[in-house]
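Undergrad: Quick one: the structure is below, questions incoming.
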Amino acid sequence: MAHLLFLFFGAAIVNNFVLVRFLGLCPFLGVSNKISAAFGMGVATTFVLIITAIGCYLVNTLVLTTTDLSSLELILDIVVIAVTVQLVEIVIRFVSLDLYNALGIYLPLITTNCIVLGLILLQGSLNFNLSECIFFSFGAGVGFTLVLVLFAAIRERLAISDVPEPFKNTAIALVTAGLLSLAFMGFAGFAGSAA
C-alpha cells in the first residue's frame, strides 16, 4: 500500500505533470481564469485520466498482448482517449450546462491534451500493473486539479491587483506559472530523501 501512495503523491506533487513535466499547459493557461472552471476542468480531466488508464491497460494487456498486435498500441490508446472524452463531454453537458459552457472549447480538447496521452505512454513504459495505473493516474489528475485551482486563485487575485502595464494578462500569468513551477520542483528533494 505504501508503494501505491508513493506513486499517488509522486504524480500529484513531486513529478506534477503540469509544473514539472510541462504537460497540459494549454488548459492550464486557458481555463485558469476562474476557480470554478478550473476545478471543473480538473475533475473532468482526472476522470478521463483514470478511465483511460484503466481502458488502455485492459486493451493493451488483454487484447494487444494476447493477439500479438502491440504495434497498434498507440492507435488504440488514442481511440480509448477520444471515446472517454466524448462520454465525459456528454455527461457534463447533461449534469451542468453552466460548467459545460464555462469550459467551452477546452472540454473537447482534453482528447488532444498531452497530459492524457503522456500519462498512458509513461505507464506503459514503466510496466505498471492495474492498481499502479489507477493510483498513478488518480495522482496525476489530483495534481492537475490542484495546480489549476491554485493558478486560478492567483490569477483572480492578480486581476484586481495593481500590476504594471507591461506585465498585465499573459505576461504576469507566465511569470506566476514559472514561480509556481519552481515551488513544486522544490518537492523533488523529498523524493530523494525518501528513496
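If you're matching positions, the sequence shown starts at 59 in this note's numbering and goes up one per residue.
Cβ coordinates follow ideal geometry from the N, Cα and C atoms, glycine included.
These numbers were taken from a predicted model, which means no experiment stands behind them.
Could you have a look at ARG151 and say whether DSSP puts it in helix, strand or coil?
TA: Looking at ARG151 - three-state DSSP - the assignment turns out to be helix.
Undergrad: Let's see if you can read the secondary structure: which residues bound the alpha helix (DSSP H) around ILE230?
TA: Looking at the DSSP string, the run of the alpha helix (DSSP H) that includes ILE230 is 228 to 243.
Undergrad: Would DSSP call THR103 helix, strand or coil?
TA: THR103: helix per DSSP, three-state reduction.
Undergrad: Given that a residue counts as buried once 16 or more other Cβ atoms are within 10 Å of its Cβ, and exposed if not, what is SER195?
TA: Per the 10 Å Cβ criterion, buried.
Undergrad: Under the assumption that LEU116 contacts LEU122 (Cβ atoms under 8 Å), give the Cβ distance between them as a whole number of angstroms.
TA: Their Cβ separation, rounded to whole angstroms, is 10 Å, which puts LEU116 and LEU122 out of contact at 8 Å.
Undergrad: Just the C-alpha distance for PHE97 and ALA241, rounded to the nearest angstrom, thanks.
TA: About 21 Å.
Undergrad: Excluding the 5 residues flanking LEU167 on each side, which residues of the same chain have their C-beta closer than 8 Å to its C-beta?
TA: Within the same chain, LEU167 has close Cβ partners CYS84, PRO85.
Undergrad: Look up ASN187 in the DSSP assignment and say whether it is helix, strand or coil.
TA: ASN187: coil per DSSP, three-state reduction.
Undergrad: Whole angstroms is fine: what's the gap from THR170's alpha carbon to PHE245's?
TA: Each residue's Cα considered, the two are about 28 Å apart.
Undergrad: Mind listing, in chain order, the continuous alpha helix (DSSP H) runs of no fewer than 4 residues lying wholly within the segment 59 to 116?
TA: The qualifying runs are 60 to 67, 83 to 88, 93 to 116.
Undergrad: Please report the distance separating the alpha-carbon of LEU184 from that of LEU65.
TA: Spanning the two alpha carbons is a distance of roughly 12 Å.
Undergrad: Would you say LEU83 touches the ligand PLP, meaning its beta carbon is less than 7 Å from a heavy atom?
TA: This structure lacks the ligand PLP, and indeed carries no ligand of any kind.
Undergrad: Rounded to whole angstroms, what is the Cα-Cα separation between GLN263 and VAL76?
TA: Nothing can be reported for residue 263, as the shown portion of the chain is limited to 59 through 253.
Undergrad: In chain order, what residues of the same chain lie with their CB nearer than 6 Å to the CB of TYR158, ignoring the 5 residues before and after it?
TA: So the list reads ILE150, ARG151, once near-sequence residues are dropped.
Undergrad: Return the chain-ordered list of same chain residues with a C-beta closer than 7 Å to the C-beta of ALA231, the five sequence neighbours on each side being excluded.
TA: If we look at ALA231 and ignore the five residues flanking it on each side, its Cβ neighbours are LEU87, ARG213.
Undergrad: Rounding to the nearest angstrom, what Cα-Cα distance links GLY201 and ILE192 in this structure?
TA: One C-alpha to the other measures close to 14 Å.
Undergrad: Going by other Cβ atoms of all chains shown within 10 Å of its Cβ, with 16 needed for buried, is ALA70 buried or exposed?
TA: It counts as buried.
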